[in-house]
Amino acid sequence: MTNSQIADAFEMMADLLEFQGENPFRVRAYRNGARAIRNLPESVSSIVNDDPGRLLEIDGIGKAVAEKCEVLVRTGELPQLKKLQDEIPESVLTLMRIPGMGPKKAAAVYRELGIATLDDLKQACELGRIRELKGFGAKTEEAILSGISLAAAAGRRIYWANADEIVAELRSHLSDCEGIEQLEFAGSYRRGRETVGDLDVLVVAAEVDRIMDRFAGFSGSPSVLARGDTKMSIRLASGLQIDLRIVPPESFGAALQYFTGSKEHNVVLRGRAKQRGLKINEYGVYRVDGDQETYVAGATEEEVYAALDLPCFPPELREARHEFAWADAGNLPKLITLDDIRGDLHAHTDETDGQASLDEMAEAARARGLRYLAITDHSKRVSMAGGLDEERLLAQWERIDQFNARRGDDFTLLKGIECDILEKGGLDLSDDVLAQADWVLASIHYGQRQPREQITARILEAIEHPSVSAIAHPTGRLINQRPAYDVDLDALFAAAKKHGKLLELNANPMRLDLDDVYCAAAKGHGIPIVINTDAHSVESLGLMRYGILQARRAGLTKADVANTRTWPQLKKLIGRKRSGGDQKGE
Ligand code: DGT
Ligand code: CA
Ligand code: CA
Ligand code: ZN
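Quick note: to get my numbering, add 24 to the position in the sequence shown (first position is 1).
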């Protein structure tokens with residue numbers, strides 16, 4: 025079982041217990057456990073197998089959770105959870121997951137109005153029955169209604185980062201199966217989409233039965249949805265479907281190309297094949313001569329694309345957006361890689377809501393090979409996180425100076441801040457303090473549902489502020505959870521361009537904000553992107569790779585991303601534009 029599956033089980037326990045009105049401390053214990061496990065760099069399964077006593081040493085894991093971890097890992101299920109799931113109609117769970125709803129509100133509508141399905145809830149909202157419930161109101165009703173459409177659109181798609189964990193597990197599960205000659209994961213996973221609907225695995229293997237048996241034994245006992253001669257599908261307990269296809273070696277490249285997709289990319293490809301008197305499908309590329317078909321290519325993806333006079337597109341670009349035009353013009357971008365990144369410009373410490381100290385974050389960044397890290401804790405308005413006022417910020421900067429004096433030979437800690445853009449407009453810290461920073465991120469945490477003009481005006485004002493370097497998570501969306509602010513992005517791009525400000529691609533796999541499409545738009549405006557982890561712990565400095573994937577989907581190159589530069593170069597970039605210079609040639 026993966027950590028995320030175990031965490032899901034505890035989160036489900038917490039939701040169901042809370043739905044039942046259980047003691048909040050018990051509910052909290054499961055939630056904390058789920059979070060601790062989700063953030064854990066080690067596998068809970070291996071801890072249970074090696075030395076279960078060690079579970080109790082993990083922050084956030086108490087006795088109840090530790091015991092249930094053991095049961096889960098050993099048996100693949102949790103009797104208490106099963107019992108709860110039997111008592112509460114499953115459809116109610118979908119109500120709890122609507123953004124703006126939660127277990128308490130779901131329990132209230134179930135209890136008071138007998139609503140147990142999304143459809144009933146939607147109807148009740150439209151009839152204005154929800155606003156009449158105690159503790160609800162018209163605003164909540166409206167939020168629930170928009171949450172319903174978001175939930176419906178999101179379906180059961182999982183975050184790419186979770187898919188990646190499952191892929192790693194399945195790889196290792198299949199790795200000791202004899203006779204596998206080639207194995208590759210295709211589909212949206214390979215294209216690096218931010219969410220994945222199902223996983224698609226391709227295998228070249230001599231003995232089909234052996235591999236199918238092994239596949240059926242993955243991760244507890246998944247339900248086998250179908251098992252044929254060359255194709256098999258399973259569904260994991262989490263609901264995720266995995267499709268396995270066994271293909272002959274001479275078709276492996278063609279199958280990999282076909283099942284990587286996207287469907288839209290494949291449609292264009294088929295058209296191009298036809299123009300050349302060729303036919304392409306998941307078995308290969310064929311020359312068509314009357315009713316005679318001759319195999320031309322199929323063993324590798326490279327030869328499949330070459331047969332159509334095309335480069336082997338990076339999977340991230342295969343969305344039928346610009347890739348064919350780029351290939352025709354011979355200017356397919358050389359996409360950014362993780363190695364190109366020199367620094368991280370968004371990180372928190374335990375001075376606010378981060379988990380590690382300033383020194384720990386700095387040393388961890390250095391150990392990852394970064395040359396600079398901006399410490400950007402929250403400002404005072406973000407009181408929940410213990411945000412910094414001017415005095416505490418200046419004290420932190422003094423410690424940063426001391427760190428650099430002591431350890432700053434080949435690494436620089438930058439004096440930064442994530443300054444809140446206030447609800448009423450304006451920044452949360454005084455101008456003279458902000459002017460002393462190396463790096464200022466401005467971002468919105470409150471008033472996210474304000475009307476378009478208001479929220480846009482707030483962001484534009486921040487962009488115009490002389491000390492602001494970049495806007496962090498510019499749209500505020502949380503994938504599958506919360507829609508973007510209603511912000512006028514064209515106005516935002518125009519202002520960023522005019523004032524020489526950068527825009528963030530927040531690498532957190534639940535944010536990825538700006539997304540691929542908007543990053544490409546920003547690039548079109550000539551606005552440099554900064555890819556930041558927004559790390560709240562030493563481990564989460566590793567989130568950078570998710571941001572890189574999204575940047576690649578946007579077609580960004582090393583030159584498009586500001587934190588591939590050295591700090592002196594980057595400093596010039598943000599400084600020079602402020603006095604109206606030209607940023608070309610960096
Ligand atoms: P997902 O699973 O919803 O996240 O997205 P994909 O892209 O992985 O879609 P999936 O799993 O349905 O199919 C995998 C790939 O197989 C898809 O990207 C392209 C290819 N494919 C599937 N069905 C068709 C089809 O009807 N026509 C074409 N041209 N390609 C298809
Ligand atoms: Ca898929
Ligand atoms: Ca599929
Ligand atoms: Zn942050």
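Glycine residues also receive a C-beta, built at the ideal position from the N, C-alpha and C atoms.
Checklist entry - Rounded to whole angstroms, how far is the Cβ of I553 from the Cβ of A520, which I believe are closer than 8 Å? => result Incorrect: roughly 10 Å between the Cβ atoms, too far for contact.
Give the C-beta separation of T118 and I503 to the nearest angstrom, bearing in mind that I take them to be a contact with Cβ-Cβ under 8 Å.
Incorrect: roughly 18 Å between the Cβ atoms, too far for contact.
Could you name the residues whose beta carbon sits closer than 5 Å to any heavy atom belonging to ligand 4, keeping them in chain order? E442 and D558
Determine the contact status of L280 and A210, defining contact as a CB-CB distance below 8 Å. yes
* To do: Confirm the yes/no value for this check: CB of S212, any heavy atom of ligand 2, distance under 7 Å.
  => yes
Problem set entry | D462 versus E317, E442, E42 and V89, residue with shortest Cα-Cα distance | E442
Q.
Let me make sure I understand the geometry here. Which of T164, E35, N56 and A386 has the alpha-carbon closest to that of L105?
A. E35
Say whether the segment 120-128 touches the segment 86-98, bearing in mind that this needs 3 or more beta-carbon pairs closer than 8 Å, one atom from each stretch. no
So what's H402 in DSSP terms, helix, strand or just coil? strand
Segment contact flag, the segment 573-584 with the segment 358-371, C-beta cutoff 8 Å, min 3 pairs: yes
Using a threshold of 7 Å, is the CB atom of V328 nearer than that to any non-hydrogen atom of ligand 1? no
Next item on the list: On the DSSP bridge assignment, give the partners of T436 in chain order.
Entry: Y396
Notebook entry, point to check: Among the residues of its own chain, which have a CB less than 7 Å from the CB of D413, if the five just before and after it don't count?
Noted result: K404
Q) Do D224 and ligand 3 come close, with the Cβ less than 7 Å from some heavy atom? A) yes
DSSP puts M256 in a beta bridge; with which residues?
R251 and L268
Practice task
State whether the segment 376-383 contacts the segment 417-431, with contact taken as three or more CB pairs (one from each stretch) at a distance under 8 Å.
Solution key: yes
Check your understanding: Which residue comes first and which comes last in the alpha helix (DSSP H) that contains K2?
Key -> This structure cannot speak to residue 2, because the chain is shown only from 25 to 610.
- Item | C-alpha gap between S115 and H197, whole angstroms | 33 Å
- What are the uninterrupted segments assigned as alpha helix (DSSP H) that are 4 or more residues long and contained completely in the segment 40-71, given in chain order? 48-63
> Any chance the CB of D510 is under 7 Å from a heavy atom of ligand 3?
Replying inline: no
Own chain partners of G604 with C-beta closer than 6 Å, once the 5 adjacent residues on each side are dropped: With a pLDDT of 40 at G604, under the threshold of 50, the modelled position of this residue cannot be trusted; read the value that follows with caution. Nothing meets the Cβ criterion.
Backbone secondary structure at T219 - three-state DSSP: strand
State yes or no: is the C-beta of S247 within less than 8 Å of the C-beta of I258? yes
Sorted by chain position, which residues of the same chain lie with C-beta nearer than 8 Å to E610's C-beta, five sequence neighbours on each side aside? Unreliable placement is indicated for E610, whose pLDDT of 36 sits below 50; no coordinate value is reported for it.
### Query
So who's on the other strand from I553, going by DSSP bridges?
L527 and V585
Is G221 near ligand 2 - that is, is its Cβ less than 7 Å away from at least one heavy atom of it? yes
Item to check | Nearest to L268 (by Cα), restricted to the options M256, S262, E274 and A261 | outcome: M256
Quiz prompt | Beta-ladder partner(s) of N305, from DSSP | solution = G308
**OP:** Return the CA-CA distance between D96 and L102, expressed in angstroms with no decimal places.
**Re:** Here the sequence assigns Leu to residue 96, which means Asp is not the residue at that position. Distance between the alpha carbons of L96 and L102: 6 Å.
Q. When the distance is taken between beta carbons, is T254 closer than 8 Å to H370?
A. no
*asked:* Considering just the uninterrupted stretch of the alpha helix (DSSP H) at Y282, what are its terminal residues?
replied: F276 to T284
Should S286 be counted as a contact of ligand 1 given a C-beta to heavy atom distance under 7 Å? yes
Do you know how far the Cα of F348 is from the Cα of E288? 12 Å
Closer than 7 Å to a non-hydrogen atom of ligand 1 - does that hold for the CB of V291? yes
- Message: At a threshold of 7 Å, does F209 count as lining ligand 1 (C-beta to nearest heavy atom)?
- Response: no
query: In chain order, what residues of the same chain have a beta carbon less than 7 Å from the beta carbon of T581, not counting five sequence neighbours either side?
result: P357, K358, L359 and I360
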